[in-house]
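Undergrad: Supplied in structure tokens, the structure appears directly below.
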Amino acid sequence: MLWRSVVGKLWITILLLVLVVLLILTVLLLQFFERFHITEAEEQLTNHANVIVSVLEEYDNPSEALNTVEKIADSYDTTVVVFQNGEEWESSNPETKIHLPLSLFKEDERLSLDSADESVITHGDFPVYENGEEIHNEIFVVGMPFETTDGEAGSLYLYQSLSIIEDTTGETKQIILLSAGIAIILTTVFAFFLSTRITAPLRKMRELALEVAKGNFETKVPILTNDEIGQLGNAFNKMRRELNQNITALNQEKEQLSRILSSMADGVITMDRKGTIVVTNPPADRFLQSYQYEHYHELNNEKELLPKEVKKLFQRVVALEQEQMIEMDVQGRSYVVLMTPLYDKQFVRGIVAVIRDMTEERQHDKLRKDFIANVSHELRTPISMLQGYSEAIIDDIAASEEDKKEIGRIIYDESMRMGRLVNELLDLARMEAGHIQLEKQWIHIPSFSERIHKKFQGLAKEAEVELKLMQCNEFEQAYIDPDRVEQVMTNLIHNAIRHTSVHGYVKMMINNSANGITVEIKDSGSGIPEEDLPYVFERFYKADKARTRGKGGTGLGLAIAKNIVEAHSGEITVHSKLHEGTTFHFYIPREKDKE
């Protein structure tokens with residue numbers, strides 16, 4: 280609305296102020312001109328009366344004097360009444376439409392001349408005749424005594440209707456009101472122009488303030504004057520620049536914090552004092568999603584609910600104002616939740632929770648314990664046998680040379696087994712530490728494959744297993760470490776023959792293509808249980824402990840094979856079904872820059 284704006288308020292204020300001033304001035308001017316016209320009429324009639332009195336006093340002939348008075352009355356447009364020697368005389372001016380009864384001059388006290396030196400000047404409501412009808416009207420009357428040259432005294436009255444004065448006053452009033460109206464119009468235009476001129480920069484600043492509120496800080500208030508509005512514009516521009524700098528700094532800090540949170544491996548959840556989640560990062564989102572999936576029915580499909588354990592921890596942190604920590608398992612993974620209060624001076628305004636996935640650490644601890652247990656277990660048997668058979672030799676229990684040779688052979692086999700175990704442990708430790716060194720060279724793959732195939736022919740015949748070689752080589756050469764790759768294939772073929780029953784088969788399928796060399800070792804053996812497949816490449820892992828105990832396996836061969844393949848930038852996988860056989864597949868990419 281116009282009157283609610285600054286333009287309207289300023290405009291109405293100036294207009295009301297001018298209206299009040301003009302109203303007071305108009306009233307004062309009207310009163311002044313009314314008094315002025317009355318005074319002027321009084322002076323004019325008095326002068327006229329003095330002229331007529333002088334005529335009446337100077338003329339010797341009364342008739343001539345009255346004729347002269349008649350002419351003067353006609354010229355002055357007034358009515359003249361003369362009382363002399365008991366006679367009454369009244370001018371007959373056809374222009375004068377009103378006349379007072381002559382008896383009124385004698386009866387009305389306002390018109391009585393008490394002394395010869397006293398004159399009467401009065402105006403008021405007198406009964407007059409206008410066009411033959413008696414009405415009351417405002418009449419101005421001047422009465423004066425006179426004395427002729429003959430010594431005869433008389434009285435003279437001049438009267439005139441105040442309507443003439445009222446007409447003059449009305450014209451003056453019209454002029455004053457017209458002037459006031461023009462002044463009001465000019466004031467309205469000027470006030471509107473002035474208020475618009477003053478408020479234009481303010482409206483511009485309002486538009487720019489709305490732009491700033493929308494985030495557009497490039498706008499600038501044009502400075503056209505050096506007055507208070509110009510100073511306000513300068514202050515607005517300064518505020519805009521500082522606000523732009525502060526918002527930019529805040530956005531940079533927010534972006535930096537967002538980047539830090541997004542790149543963190545640990546989950547972060549920020550909550551206010553009511554427990555409402557404010558900020559989360561992707562690891563924290565995954566943690567909450569895992570918990571919601573696991574406790575879907577308990578949460579009643581409310582995705583924003585925190586885990587019960589985290590809620591209890593939050594309540595303890597807010598109550599005690601101290602750092603708290605819990606461990607919890609979600610979807611088979613172990614998490615540690617560390618919660619710390621956030622302070623607003625001395626008041627706890629919220630908390631920040633750091634969620635760390637400790638699954639790998641726990642698995643590493645378990646693997647370390649399992650490694651110690653497995654090494655101890657693997658070394659216990661040969662050491663016990665070495666100790667037992669050594670005591671038999673010392674105690675001369677072996678009487679014959681054949682018994683001594685048998686005991687010596689057993690001691691030798693067990694020592695070799697311990698040596699292989701220690702060497703494999705050392706090799707595996709070096710590989711996992713990244714200290715494996717490959718002696719790569721160009722190898723003729725068909726010859727290399729034939730040699731390994733012939734190497735295991737004897738073992739296969741002894742186990743009554745058919746060993747097949749299948750090759751499909753696009754290229755004959757490959758840049759690999761032959762000893763290490765042979766170690767991988769030896770381990771896989773040996774395991775396949777050991778776990779394949781009589782009349783079974785083991786297939787060696789080799790493909791040297793443009794992409795790399797692919798090797799598959801497929802057997803028709805007992806297979807690997809599905810639950811054991813993810814762990815076959817771990818150290819000391821044996822799918823069938825009872826079945827492999829008597830076959831000399833240490834559980835390190837596949838772990839070593841995996842490290843060798845990965846050192847060649849390749850990958851190794853396994854597919855198996857229980858009682859249907861197993862297929863090990865490894866792939867070594869071709870090095871283009873070596874060709």
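Taking my numbering, the leading residue of the sequence shown gets 280, the next gets one more, and so forth.
Note that beta-carbon positions come from the ideal geometry of N, C-alpha and C, so glycine has one too.
Give me the DSSP bridge partner(s) of Arg363.
TA: Residue numbering aside, residue 363 sits at position 84 when the sequence shown is read from its first letter. According to the sequence shown, residue 363 is Gln rather than Arg. Answer by DSSP bridge pairing, in chain order: Glu366, Gly433.
Undergrad: Candidates Ile463, Lys385, Gly430: which alpha carbon is nearest Pro341's?
TA: For the purposes of this step, residue 341 is taken as the residue at position 62 of the sequence shown. Closest by alpha carbon: Gly430.
Undergrad: Compute the beta-carbon to beta-carbon distance between Phe384 and Tyr436, rounded to the nearest angstrom, for a pair I have assumed lies under 8 Å.
TA: Working through the sequence shown from its first residue, we reach residue 384 at position 105. Working through the sequence shown from its first residue, we reach residue 436 at position 157. About 6 Å; that satisfies the 8 Å criterion.
Undergrad: Along the chain, where does the beta strand (DSSP E) that runs through Arg607 open and close?
TA: Looking up residue 607 in the sequence shown gives position 328. Looking at the sequence provided, one finds Met at residue 607 rather than Arg. Per DSSP, Met607 belongs to the beta strand (DSSP E) from 603 to 609.
Undergrad: Report the three-state DSSP secondary structure of Gly849 (helix, strand or coil).
TA: Taking the sequence shown and counting its residues from 1, the one referred to as residue 849 is at position 570. Gly849: coil per DSSP, three-state reduction.
Undergrad: Based on DSSP bridge pairs, tell me the residues matched to Val633.
TA: Translated into positions along the sequence shown, residue 633 becomes position 354. Answer by DSSP bridge pairing, in chain order: Val547, Leu617.
Undergrad: Restricting to Cα atoms, I'd like to know which of Asn774, Ile722, Ile789, Lys786 is closest to Asp762.
TA: If you number the sequence shown from 1, residue 762 lands on position 483. Comparing Cα-Cα distances from Asp762 to each of Asn774, Ile722, Ile789, Lys786, the minimum goes to Ile722.
Undergrad: Can you give me the C-alpha to C-alpha distance between Val360 and Leu392, rounded to a whole angstrom?
TA: To locate residue 360, count along the sequence shown from 1; it is residue 81. To locate residue 392, count along the sequence shown from 1; it is residue 113. Straight-line Cα distance between these residues: approximately 14 Å.
Undergrad: Rounded to the nearest angstrom, what separates Met664 and Thr797 at their Cα positions?
TA: Counting from one through the sequence shown, the residue named residue 664 turns up at place 385. Counting from one through the sequence shown, the residue named residue 797 turns up at place 518. Approximately 42 Å, taken between the alpha carbons.
Undergrad: Can you tell which of Ile464, Gln453, Glu507 has its C-alpha closest to the C-alpha of Val297?
TA: Locating residue 297 in the sequence shown gives position 18, counting from the first residue. Nearest C-alpha to Val297: Ile464.
Undergrad: Roughly how many angstroms lie between the CA atoms of Phe754 and Arg565, to the nearest whole one?
TA: Mapped onto the sequence shown, residue 754 falls at position 475. Mapped onto the sequence shown, residue 565 falls at position 286. Taking the straight line from one Cα to the other gives about 47 Å.
Undergrad: Helix or strand or just coil, what does DSSP make of Asp623?
TA: In the sequence shown, the residue the question calls residue 623 occupies position 344. Correct three-state label for Asp623: strand.
Undergrad: Is the number of C-beta pairs between the segment 635 to 644 and the segment 605 to 614 that are closer than 8 Å three or more?
TA: Segments in contact, yes.
Undergrad: Could you tell me whether the segment 589 to 607 touches the segment 623 to 634, using the rule of 3 or more Cβ pairs below 8 Å?
TA: Taking 8 Å as the limit for Cβ pairs, the verdict is that the segment 623 to 634 does touch the segment 589 to 607.
Undergrad: Does the distance from the CB of His858 to the CB of Gly806 come in under 7 Å?
TA: Here residue 858 is taken as the residue at index 579 of the sequence shown, counted from 1. Here residue 806 is taken as the residue at index 527 of the sequence shown, counted from 1. In this structure, Gly806 lies closer than 7 Å to His858 by Cβ.
Undergrad: Just to check my reading of the structure: Phe863 and Ile800 have Cβ atoms closer than 8 Å, yes? What is that Cβ distance to the nearest angstrom?
TA: Numbered from its first residue, the sequence shown carries residue 863 at position 584. Numbered from its first residue, the sequence shown carries residue 800 at position 521. Right, the Cβ-Cβ distance comes to about 5 Å (below 8 Å), so this counts as a contact.
Undergrad: Alpha carbon to alpha carbon, how far is Gln736 from Ala840?
TA: Taking the sequence shown and counting its residues from 1, the one referred to as residue 736 is at position 457. Taking the sequence shown and counting its residues from 1, the one referred to as residue 840 is at position 561. Gln736 and Ala840: Cα-Cα distance of roughly 21 Å.
Undergrad: If you draw a straight line from the alpha carbon of Gln756 to that of Glu810, how long is it in whole angstroms?
TA: Here residue 756 is taken as the residue at index 477 of the sequence shown, counted from 1. Here residue 810 is taken as the residue at index 531 of the sequence shown, counted from 1. Cα to Cα, Gln756 sits roughly 39 Å from Glu810.
Undergrad: Rounded to whole angstroms, what is the Cα-Cα separation between Asn794 and Pro868?
TA: Counting from 1 along the sequence shown, the entry for residue 794 is found at position 515. Counting from 1 along the sequence shown, the entry for residue 868 is found at position 589. Approximately 6 Å between the Cα atoms of the pair.
Undergrad: Take Leu503 and list the residues in its own chain whose beta-carbon comes closer than 6 Å to its own, dropping the five residues that flank it on each side.
TA: For the purposes of this step, residue 503 is taken as residue 224 along the sequence shown, with counting starting at 1. Excluding residues within five positions, none has a Cβ falling inside 6 Å.
Undergrad: Of the residues Phe816, Met788, Glu741, Val815, which one's Cα is nearest the Cα of Thr779?
TA: Start at 1 with the first residue of the sequence shown, and residue 779 comes out as number 500. With distances taken between Cα atoms, Thr779 lies closest to Glu741.
Undergrad: Have a look at Ala528, Ile686, Gln535, Thr498 and flag the residue whose alpha-carbon is nearest the alpha-carbon of Lys517.
TA: Within the sequence shown, numbered from 1, the residue matching residue 517 stands at position 238. Selected option, being the one with the closest Cα: Thr498.
Undergrad: Among all the DSSP beta bridges, which residues are the ones paired with Val420?
TA: Here residue 420 corresponds to residue number 141 of the sequence shown, with the count starting at 1. Val420 is bridged to Thr401, Tyr438.
Undergrad: Give the single residue among His732, Leu309, Val815 whose Cα lies nearest to the Cα of Lys452.
TA: For the purposes of this step, residue 452 is taken as residue 173 along the sequence shown, with counting starting at 1. If we check each option's Cα against that of Lys452, Leu309 comes out closest.
Undergrad: Could you tell me if Gly831 is buried or exposed, where buried requires 16 or more neighbouring beta carbons within 10 angstroms of its beta carbon?
TA: To locate residue 831, count along the sequence shown from 1; it is residue 552. Caution is warranted here: a pLDDT of 49 is assigned to Gly831, below 50, making its placement in the model unreliable, and the coordinate value is therefore given only provisionally. With fewer than 16 other Cβ atoms within 10 Å, it is exposed.
Undergrad: Pick from Gly449, Ala344, Ala352: whose alpha carbon is nearest that of Ala363?
TA: The residue labelled residue 363 in the question sits at position 84 within the sequence shown. Strictly speaking, residue 363 in this sequence is Gln, with Ala absent from that position. Closest option to Gln363, Cα to Cα, is Ala344.
Undergrad: Looking at the unbroken alpha helix (DSSP H) that takes in Phe515, where does it start and where does it end?
TA: Taking the first residue of the sequence shown as 1, we reach residue 515 at position 236. First-last of the alpha helix (DSSP H) with Phe515: 507 to 542.
Undergrad: State yes or no: is the C-beta of Tyr866 within less than 7 Å of the C-beta of Glu850?
TA: Numbered from its first residue, the sequence shown carries residue 866 at position 587. Numbered from its first residue, the sequence shown carries residue 850 at position 571. Result yes, Cβ atoms of Tyr866 and Glu850 sit closer than 7 Å.
Undergrad: So is Leu760 buried or exposed if we call it buried at 16+ other beta carbons inside 10 Å?
TA: For the purposes of this step, residue 760 is taken as the residue at position 481 of the sequence shown. One detail in the question is off: residue 760 reads as Asp in this sequence, not Leu. Asp760 comes out buried.
Undergrad: If we ignore side chains and look at the alpha-carbon of each, how far apart do Phe311 and Val491 end up?
TA: Along the sequence shown, read from residue 1 onward, the residue named residue 311 stands at position 32. Along the sequence shown, read from residue 1 onward, the residue named residue 491 stands at position 212. Roughly 59 Å between the two C-alpha positions.
Undergrad: Can you tell me whether Ala883 is helix, strand or coil according to DSSP?
TA: Lying before the first or after the last residue shown, residue 883 is absent from the chain, which here runs from 280 to 874.
Undergrad: Just to confirm, is the Cβ distance from Thr559 to Ile548 under 7 Å?
TA: Position 280 of the sequence shown, counted from the first residue, corresponds to residue 559. Position 269 of the sequence shown, counted from the first residue, corresponds to residue 548. Contact flag set, yes.
Undergrad: Which same chain residues, not among the five before or five after Leu301, have their C-beta less than 8 Å away from its C-beta?
TA: The residue you call residue 301 lines up with position 22 of the sequence shown. The answer, listed in chain order, is Ala459, Ala462, Ile463.
Undergrad: So, at 8 Å on beta carbons, what are the nonlocal neighbours of Asp387 in its own chain, with the 5 sequence-adjacent residues on each side left out?
TA: In the sequence shown, residue 387 corresponds to position 108, counting from 1. Within the same chain, Asp387 has close Cβ partners Phe405.
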